[in-house]
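Q: Position one of the sequence shown corresponds to residue 1429 (my numbering), numbered consecutively onward.
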Amino acid sequence: MLPPSSSWCVPPSSVKAVPAPDTRAGVRRNPPVPRIPRLGIAVASLAFVLALTGCGSAGPTTLDAAKVSEKTSAEVDSCHIITTPEEFGAPSDARPPVDCAEPHSTQTFLVTSFPQPLANQKERPLQEQLHNATNRLCPADELRKYLDGTPRDATTGMEIAGYYPSRAEWAAGSRTVRCDVLLTEKSGGPQQTTLNLKGALAGPDSAQIRLCYSQEIKDGVLSSEGADTLCSEPHTAEDVSAWIGQDASLVSLAAQQERCLPFVLEFLKAEVLPEDREVRPVLRIDGGARAIRCAVAPRQDVPAAWTGTLVPARAVSDGAVSG
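(1) Would you grab the beta carbon distance between residue 1663 and residue 1634 for me? Rounded to a whole angstrom, and I think it's under 8 Å.
(2) With distances taken from CA atoms, which of 1516, 1667, 1519 and 1538 is nearest residue 1503?
(3) Going by the DSSP bridge assignment, what does residue 1637 pair with across the sheet?
(4) Between which two residues does the alpha helix (DSSP H) harbouring residue 1598 extend?
(5) Helix, strand or coil for residue 1711? Go by DSSP, reduced to three states.
(6) Let me check one thing: in DSSP terms, what residues is residue 1618 bridge-paired to?
(7) Leaving out five residues before and five after residue 1703 in sequence, what residues of the same chain have Cβ atoms less than 6 Å from its Cβ?
(8) Where residue 1595 and residue 1668 are concerned, what is the direct C-alpha to C-alpha distance, given to the nearest angstrom?
(9) Just to confirm, is the Cβ distance from residue 1608 to residue 1535 under 8 Å?
(10) Give the single residue among 1606, 1602, 1565 and 1568 whose Cα lies nearest to the Cα of residue 1508.
(11) Hey, how far is the Cα of residue 1648 from the Cα of residue 1682?
(12) With respect to the alpha helix (DSSP H) encompassing residue 1591, which residues constitute its N-terminal and C-terminal limits?
(13) Can you name, in chain order, every residue of its own chain whose Cβ lies under 8 Å from the Cβ of residue 1724, other than the five neighbours on each side?
(14) Within its chain, find whatever has a CB closer than 7 Å to the CB of residue 1652; leave out the 5 residues flanking it on each side and keep chain order.
(15) Under the DSSP definition of a beta bridge, which residues are partnered with residue 1726?
(16) Per DSSP, what are the beta-bridge partners of residue 1649 in this structure?
(17) What did DSSP end up calling residue 1656 once you bin it into helix, strand or coil?
(18) Relative to the C-alpha of residue 1671, which residue among 1528, 1684, 1525 and 1623 is closest?
(19) What do you reckon, are the CB atoms on residue 1655 and residue 1742 nearer than 8 Å?
(20) Our contact map puts residue 1658 next to residue 1584 with C-beta atoms below 8 Å; I'd like the distance itself, whole angstroms only.
(21) Using CA coordinates, which residue listed in 1550, 1628 and 1623 is at the minimum distance from residue 1593?
(22) Which residues bound the alpha helix (DSSP H) around residue 1682?
(23) What did DSSP end up calling residue 1555 once you bin it into helix, strand or coil?
(24) Mark residue 1544 as exposed unless 16 or more other C-beta atoms lie within 10 angstroms of its C-beta, in which case mark it buried.
(25) So, at 8 Å on beta carbons, what are the nonlocal neighbours of residue 1727 in its own chain, with the 5 sequence-adjacent residues on each side left out?
(26) So does residue 1665 have its beta carbon nearer than 7 Å to some heavy atom of the ligand MG?
(27) Mind checking whether residue 1571 and residue 1627 have CB atoms under 8 Å apart?
(28) Go ahead and label residue 1528 buried or exposed: buried means 16 or more other beta carbons lie within 10 angstroms of its beta carbon, across all protein chains shown.
(29) Over the uninterrupted alpha helix (DSSP H) stretch that includes residue 1568, give me the two end residues.
(30) Hey, how far is the Cα of residue 1541 from the Cα of residue 1566?
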């Protein structure tokens, strides 16, 4: 997911980045070979990517270089088909784009150029060097802008992947980098979708990528702990992208609610908490570290799960988003 915006929030250790973990579970990046990491989720089959394009030592042939001019240049908003974790971890993708209204696996949110000094190399950098560059060239902040996200929008189930020129394209002078976002299955593999992710957090289908929590309900009592889930699935609380390390001052529910209230109000775009909403903190224990994940829920006499998002609707007009 997109990293929580509060500077004092506990940085999530379960976000996969390329190659180092991002700040949080929700947005992950394609890892370097042969590493197998966890936006909280991992792609387990990436150890095989060494057998894919770009790992050999042979240089490009004249015929390969000639084919470069036939390639379609990378474009923002284009959609692509990635069917396996191995393809997701490959350094290049030469297949033409598909209509975003049709099933697709990735969507391009940024097109940029490979930086110096590696850009001056005659031969394309090694695959691991390319993957390592993705963290800088395809930042989560750019994805947040593409999704029309705000600092309080928390996402899950997404990966960031960088695709680079093939060896033949590199030899012909291309230094274009295509930054893609893709949805993932719970197993970490690519998931096909017809959802257009441009402006998705401001659109009617944002629950499909928002982070929510499912808490156990026993005898009418809600558990303090909760598991990550999509807001389009049954859940009991919705994350507002503020995670706080728990200390002695945050043992009581009232103290947790008080600390989380400003973030919930920002999420709801409200000055006071609406009567039909409540602050519902969720406790998470990861590797022995205890953190309070600030979340919001409908005010209920008896706790019950629901689907969807509580974020206020935003009007989208001529590419501009207004609260």
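A virtual CB, placed ideally from N, CA and C, is assigned to each residue, including glycine.
A: Let me lay it out:
(1) Counted from its first residue, the sequence shown places residue 1663 at position 235. Counted from its first residue, the sequence shown places residue 1634 at position 206. Contact check for residue 1663 and residue 1634: beta-carbon distance about 14 Å, past the 8 Å limit, so the pair fails to qualify.
(2) The sequence position of residue 1503 within the sequence shown is 75, counting from 1. When only C-alpha atoms are compared, the closest one is 1538.
(3) Numbered from 1 along the sequence shown, position 209 holds the residue referred to as residue 1637. For residue 1637, DSSP records no beta bridge to any residue.
(4) Your numbering for residue 1598 matches position 170 in the sequence shown. Boundaries of the alpha helix (DSSP H) harbouring residue 1598: 1595-1599, taken from the DSSP string.
(5) The residue you call residue 1711 lines up with position 283 of the sequence shown. For residue 1711, the three-state secondary structure derived from DSSP is strand.
(6) For the purposes of this step, residue 1618 is taken as the residue at position 190 of the sequence shown. 1612, per the DSSP bridge assignment.
(7) Start at 1 with the first residue of the sequence shown, and residue 1703 comes out as number 275. Excluding residues up to 5 positions away in sequence, nothing lies with its Cβ nearer than 6 Å to the Cβ of residue 1703 in the same chain.
(8) The residue given as residue 1595 occupies position 167 in the sequence shown. The residue given as residue 1668 occupies position 240 in the sequence shown. Rounded to whole angstroms, residue 1595 to residue 1668 spans 43 Å at the Cα level.
(9) Within the sequence shown, the letter at position 180 stands for residue 1608. Within the sequence shown, the letter at position 107 stands for residue 1535. Cβ distance < 8 Å, so residue 1608 and residue 1535 count as in contact.
(10) Locating residue 1508 in the sequence shown gives position 80, where the first residue counts as 1. Nearest C-alpha to residue 1508 among 1606, 1602, 1565 and 1568: 1606.
(11) Position 220 of the sequence shown, counted from the start, is the residue given in the question as residue 1648. Position 254 of the sequence shown, counted from the start, is the residue given in the question as residue 1682. Taking the straight line from one Cα to the other gives about 19 Å.
(12) For the purposes of this step, residue 1591 is taken as the residue at position 163 of the sequence shown. From DSSP, residue 1591 is part of no alpha helix (DSSP H) but of the beta strand (DSSP E) over 1586-1591.
(13) Residue 1724 sits at position 296 when you count from the first residue of the sequence shown. Apart from the 5 residues on each side of it in sequence, residue 1724 sits with its Cβ closer than 8 Å to the Cβ of 1665, 1666, 1668, 1692, 1695, 1696, 1705, 1706, 1707, 1708 and 1738 in its chain, given in chain order.
(14) The count along the sequence shown starts at 1 and reaches residue 1652 at position 224. In its chain, beyond the 5 residues on either side, 1711 have a beta carbon closer than 7 Å to the beta carbon of residue 1652.
(15) For this step, residue 1726 is matched to residue 298 along the sequence shown. Residue pairing from DSSP places residue 1726 in a beta bridge opposite 1705.
(16) Translated into the one-based positions of the sequence shown, residue 1649 becomes position 221. Beta-bridge pairing links residue 1649 to 1646.
(17) For the purposes of this step, residue 1656 is taken as residue 228 along the sequence shown, with counting starting at 1. In the three-state DSSP reduction, residue 1656 falls in the strand class (E or B).
(18) Within the sequence shown, the letter at position 243 stands for residue 1671. Residue 1671 has its Cα closest to that of 1684, out of 1528, 1684, 1525 and 1623.
(19) The residue you call residue 1655 lines up with position 227 of the sequence shown. The residue you call residue 1742 lines up with position 314 of the sequence shown. It is not a contact, given that the beta carbons lie outside the stated cut-off.
(20) Residue numbering aside, residue 1658 sits at position 230 when the sequence shown is read from its first letter. Residue numbering aside, residue 1584 sits at position 156 when the sequence shown is read from its first letter. Right, the Cβ-Cβ distance comes to about 6 Å (below 8 Å), so this counts as a contact.
(21) For the purposes of this step, residue 1593 is taken as residue 165 along the sequence shown, with counting starting at 1. Closest option to residue 1593, Cα to Cα, is 1550.
(22) As a working note, residue 1682 is residue 254 in the sequence shown. Note, residue 1682: alpha helix (DSSP H), 1681-1696.
(23) Mapped onto the sequence shown, residue 1555 falls at position 127. Residue state for residue 1555 is assigned as helix, using DSSP reduced to three classes.
(24) Along the sequence shown, read from residue 1 onward, the residue named residue 1544 stands at position 116. By the 10 Å Cβ count, residue 1544 comes out exposed.
(25) Position 299 of the sequence shown, counting from 1, holds the residue named residue 1727. Answer for residue 1727: 1703, 1704, 1705 and 1706, listed in chain order.
(26) As for the ligand MG, it is missing from this structure, which has no ligand bound.
(27) Along the sequence shown, read from residue 1 onward, the residue named residue 1571 stands at position 143. Along the sequence shown, read from residue 1 onward, the residue named residue 1627 stands at position 199. Not in contact: residue 1571 and residue 1627 (Cβ atoms no closer than 8 Å).
(28) Taking the first residue of the sequence shown as position 1, residue 1528 is located at position 100. Its Cβ being crowded by 16 or more others within 10 Å, residue 1528 is buried.
(29) Residue mapping note: residue 1568 aligns to position 140 of the sequence shown, counting from 1. Where residue 1568 is concerned, the enclosing alpha helix (DSSP H) stretches over 1568-1574.
(30) Looking up residue 1541 in the sequence shown gives position 113. Looking up residue 1566 in the sequence shown gives position 138. Their backbone Cα atoms lie some 11 Å apart in a straight line.
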